[in-house]
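S.K.: Dropping a structure here in structure tokens format, bear with me for questions.
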Ligand code: GAL
């Protein structure tokens, strides 16, 4: 066992492979954050870890105690507590069942016993989470039940997975593997250590936390500019304007060149959009069409199979990073493009035209197709993130695939799937594995669904309206066919106003969220977290997959269309309803009615919530005017993070903190740091006793 950093240990078993998530990482450990964490030990002895090399690869067995809950494995949309489940971690864009397939399968899990484990493999490893007992093995289930059920689901539900068991990890092809163990003491500390090991969480530019709108895939320049103007005239808060495939002269595979028929003067368009204070984001994928200017040069550094007639770049190679990254820098980033949407870098097996290459593909770096499927998303993100780092401008971008050690990458995951409950579970689960996820809004079946979905994106890492299939904003017409025909809702103005108010709510929370992201950056605390992370000792939280914490103090309990109310659990302590200021006693369940315009939000007692006068978008001059809501009567404080909002200068210490405090003697603001940036003015304090 090797000491890596405070509370992080590495165990090497057998002969590990050369190509793994840790070997492919580009950034170092965020050591300072680790020093701030409490000391802790592993709850089990490493002698209890089993290892075997087999003809099929290798197997690791890790102890699992009675009652331990297990979480993580990346963006799992269909299950929460993984104990008793088997997950084969395979990158795939259209999981059909709860098998482990995911846009972002991460071989990291964490436990309510207060530790985390990273199995450093880019293989499609299978995790058996306490599902099996060895012959005469680790010890039998303590509560074995002999009961016979009345039907199959009851029958099998009775066979519980309690008691001392093991997590067995079956890794194909590899003859060894490195394990990284992350100590607690609590589950949140293990996750923090994992995120800090990954370089610390990403700090998006402030504009990235605003509202995103992706336009119709077939829109042309005139339509794009018209829509942008209409958004400003309608005073819809919006920071990012995203172009979809139609901007490429060839989209599948990608030419990375403007379609001059649709977009005759892209430079002018980008500068007009920038002039309206929109950041422009471009859709693309990695599969490189022969008409792309760097295609021929990249051929020797690409896989032996093509996708949609395009090369699959081996982004682990410096040559590709230079060619692909260099081109993007010159042609787009230096011309004002603020980010990219990296599509299709997962893979699909189940459709007629798969964006996929076989697992037996060979890449020039030595990776095979299986490894590349799992690594492509993070390697692609690194390549473009490096470009932004080099020009000292932060991005928040999108990517449809990710994997381990990705916390520092400023990319938000999304999906073509659309089940709203699964999308909310995605917000809850992504926080266990260093991922950000947007439950994006597209067209809807009803206005009610639109409002409920907008609420859940407002309370997620990225407030994204992805209108790629519809020419008009969904608040003018939710229905796809009618939207295409330009038929608007009778009450379009009313629906637009409801969405505007929700986006304004988002904008009022930006300083609070930015502060949450600074804690992600420096301390590894996920800005969106399952309740079990903050309240591990409260057993009721261990199964809650539809409520979560946003930042330090806000509990969010989204509602799905069709529900007029819901059951909400409030953990110990007292809570205030954000809307009514009514006080609730925690440690119990409530059945609450929920008016359409109110997503249930609860604020912890004895906390400060800085709320800004909502701006429509972020500019270089933005300075937020804050009203600080003071919940409860005990002394409390809140620290805001202040910098230029866009560059990496904070890495050199160019930032300030604003400590807001309230105690018996009144209110105070303590400004620390020498950065000239002034982003916040405290305009008032509201007492909510
Ligand atoms: C999909 C992607 C959508 C949209 C579309 C455009 O793969 O998930 O969000 O970008 O491509 O063709």
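Numbering (this note's numbering), first residue to last: -15 to 673.
Glycine included, each C-beta is placed from N, C-alpha and C at the ideal position.
(1) So, at 8 angstroms on beta carbons, what are the nonlocal neighbours of residue 504 in its own chain, with the 5 sequence-adjacent residues on each side left out?
(2) What is the C-beta distance between residue 585 and residue 435, in whole angstroms, given that I count them as a contact (C-beta under 8 angstroms)?
(3) Taking just the CA atoms, how far does residue 61 sit from residue 119?
(4) Looking at residue 201 and the ligand GAL, is the gap between the Cβ and the nearest heavy atom below 7 angstroms?
(5) Determine the burial state of residue 572: buried for a count of at least 16 other Cβ atoms within 10 Å of its Cβ, exposed for fewer.
(6) Can you find the residues in the same chain that come closer than 6 angstroms, C-beta to C-beta, to residue 1, ignoring five residues on each side of it along the sequence?
(7) How about residue 341 and residue 294: are their beta carbons less than 8 angstroms apart?
(8) Would a C-beta distance cut-off of 8 angstroms place residue 460 and residue 480 closer than the cut-off?
(9) Starting from the Cα of residue 317, find the closest Cα among 173, 19, 373, 538 and give me that residue.
(10) Going along the chain, which unbroken runs of the alpha helix (DSSP H) with 4 or more residues stay wholly within the segment 419 to 452?
(11) Quick one: what does DSSP say residue 268 is sitting in, helix, strand or coil?
(12) Please confirm whether residue 371 and residue 312 have their CB atoms less than 8 angstroms apart.
(13) Could you tell me which of 556, 557, 576, 553 sits nearest to residue 564, measuring between CA atoms?
(14) Any Cβ of chain B within less than 8 angstroms of the Cβ of residue 248?
(15) Compute the beta-carbon to beta-carbon distance between residue 495 and residue 608, rounded to the nearest angstrom, for a pair I have assumed lies under 8 angstroms.
(16) Please return the same chain residues whose Cβ sits closer than 7 angstroms to the Cβ of residue 26, not counting the five positions on each side in sequence.
(17) Report yes or no: do the segment 403 to 417 and the segment 532 to 543 share at least 3 C-beta pairs separated by less than 8 angstroms?
(18) Output the distance between the C-alpha atoms of residue 216 and residue 257, rounded to the nearest integer angstrom.
(19) Mind checking which residues open and close the alpha helix (DSSP H) that includes residue 208?
(20) First and last residue of the alpha helix (DSSP H) that includes residue 483?
(21) Between residue 276 and residue 173, how many whole angstroms is the CB-CB distance? I'm expecting something under 8 angstroms.
(22) Between the segment 85 to 92 and the segment 553 to 570, are three or more C-beta pairs nearer than 8 angstroms?
(23) Can you tell me whether residue 455 sits near the ligand GAL, meaning its C-beta is under 7 angstroms from at least one heavy atom of the ligand?
(24) Hey, would you say the C-beta of residue 229 is under 7 angstroms away from at least one heavy atom of the ligand GAL?
(25) Are residue 45 and residue 150 close, meaning C-beta to C-beta below 8 angstroms?
(26) Can the beta-carbon of residue 296 be found closer than 8 angstroms to that of residue 289?
(27) Leaving out five residues before and five after residue 430 in sequence, what residues of the same chain have Cβ atoms less than 8 angstroms from its Cβ?
(28) Is it buried or exposed, residue 139, if we count other Cβ atoms within 10 angstroms and call 16 or more buried?
(29) Quick check for students: name the residue ranges of the beta strand (DSSP E) that lie wholly in the segment 371 to 427, counting only runs of 3 or more.
M.R.: On the basis of the supplied data:
(1) If you number the chain shown from 1, residue 504 lands on position 520. Counting only Cβ-Cβ distances below 8 angstroms, and skipping sequence neighbours, we find 179, 184, 185, 186, 187, 391, 510, 511.
(2) In the chain shown, the residue the question calls residue 585 occupies position 601. In the chain shown, the residue the question calls residue 435 occupies position 451. With a Cβ gap of about 15 angstroms, residue 585 and residue 435 do not count as contacting.
(3) In the chain shown, the residue the question calls residue 119 occupies position 135. In the chain shown, the residue the question calls residue 61 occupies position 77. Residue 119 and residue 61: Cα-Cα distance of roughly 33 angstroms.
(4) Here residue 201 is taken as the residue at index 217 of the chain shown, counted from 1. It does: the Cβ of residue 201 is within 7 angstroms (strictly closer) of some heavy atom of the ligand GAL.
(5) To locate residue 572, count along the chain shown from 1; it is residue 588. It is exposed - the Cβ of residue 572 has fewer than 16 other Cβ atoms within 10 Å.
(6) In the chain shown, counting from the first residue as 1, residue 1 sits at position 17. Exclusion of the five residues before and after residue 1 leaves 158 as the residues of its chain whose Cβ lies within less than 6 angstroms of its Cβ.
(7) Taking the first residue of the chain shown as 1, we reach residue 341 at position 357. Taking the first residue of the chain shown as 1, we reach residue 294 at position 310. The criterion of a C-beta distance shorter than 8 angstroms is not satisfied by residue 341 and residue 294.
(8) The count along the chain shown starts at 1 and reaches residue 460 at position 476. The count along the chain shown starts at 1 and reaches residue 480 at position 496. Yes; because the gap between Cβ atoms is below 8 angstroms, this pair is in contact.
(9) Position 333 of the chain shown, counted from the first residue, corresponds to residue 317. Cα-wise, what sits closest to residue 317 is 373.
(10) Taking only runs of at least 4 residues, the alpha helix (DSSP H) segments lying wholly in the segment 419 to 452 are 431 to 442.
(11) The residue labelled residue 268 in the question sits at position 284 within the chain shown. Three-state DSSP puts residue 268 in a strand.
(12) Indexing the chain shown from 1 puts residue 371 at position 387. Indexing the chain shown from 1 puts residue 312 at position 328. Yes, they are a contact pair.
(13) Along the chain shown, one-based indexing puts residue 564 at 580. Distances from the alpha-carbon of residue 564 to those of 556, 557, 576, 553 put 576 closest.
(14) Among the chains in the structure shown there is no chain B, since it carries only a single protein chain.
(15) By 1-based counting over the chain shown, the position of residue 495 is 511. By 1-based counting over the chain shown, the position of residue 608 is 624. So it is a contact: roughly 5 angstroms between Cβ atoms.
(16) Position 42 of the chain shown holds residue 26. Beyond the five residues adjoining it in sequence on each side, residue 26 comes within less than 7 angstroms, by CB distance, of 99, 165, 167 in the same chain, given in chain order.
(17) Taking 8 angstroms as the limit for Cβ pairs, the verdict is that the segment 532 to 543 does touch the segment 403 to 417.
(18) By 1-based counting over the chain shown, the position of residue 216 is 232. By 1-based counting over the chain shown, the position of residue 257 is 273. Residue 216 and residue 257 have their alpha carbons spaced roughly 11 angstroms apart.
(19) Within the chain shown, residue 208 is the residue found at index 224, counting from 1. Per DSSP, residue 208 belongs to the alpha helix (DSSP H) from 205 to 217.
(20) In the chain shown, residue 483 corresponds to position 499, counting from 1. Where residue 483 is concerned, the enclosing alpha helix (DSSP H) stretches over 476 to 492.
(21) Your numbering for residue 276 matches position 292 in the chain shown. Your numbering for residue 173 matches position 189 in the chain shown. 45 angstroms between Cβ atoms; not a contact.
(22) No, because fewer than three Cβ pairs between the segment 85 to 92 and the segment 553 to 570 fall closer than 8 angstroms, the two stretches do not touch.
(23) Reading the chain shown from its first residue, position 471 is the one you call residue 455. Answer for residue 455: no, Cβ out of range of the ligand GAL.
(24) Along the chain shown, read from residue 1 onward, the residue named residue 229 stands at position 245. Checking the Cβ of residue 229 against the ligand GAL gives yes.
(25) Against the chain shown, residue 45 aligns to sequence position 61. Against the chain shown, residue 150 aligns to sequence position 166. Their beta carbons are under 8 angstroms apart, which means residue 45 touches residue 150 by this criterion.
(26) Residue mapping note: residue 296 aligns to position 312 of the chain shown, counting from 1. Residue mapping note: residue 289 aligns to position 305 of the chain shown, counting from 1. Yes, they are a contact pair.
(27) Taking the chain shown and counting its residues from 1, one reaches residue 430 at position 446. Exclusion of the five residues before and after residue 430 leaves 462, 545 as the residues of its chain whose Cβ lies within less than 8 angstroms of its Cβ.
(28) The residue you call residue 139 lines up with position 155 of the chain shown. So residue 139 ends up on the exposed side.
(29) 381 to 383, all fully within the segment 371 to 427.
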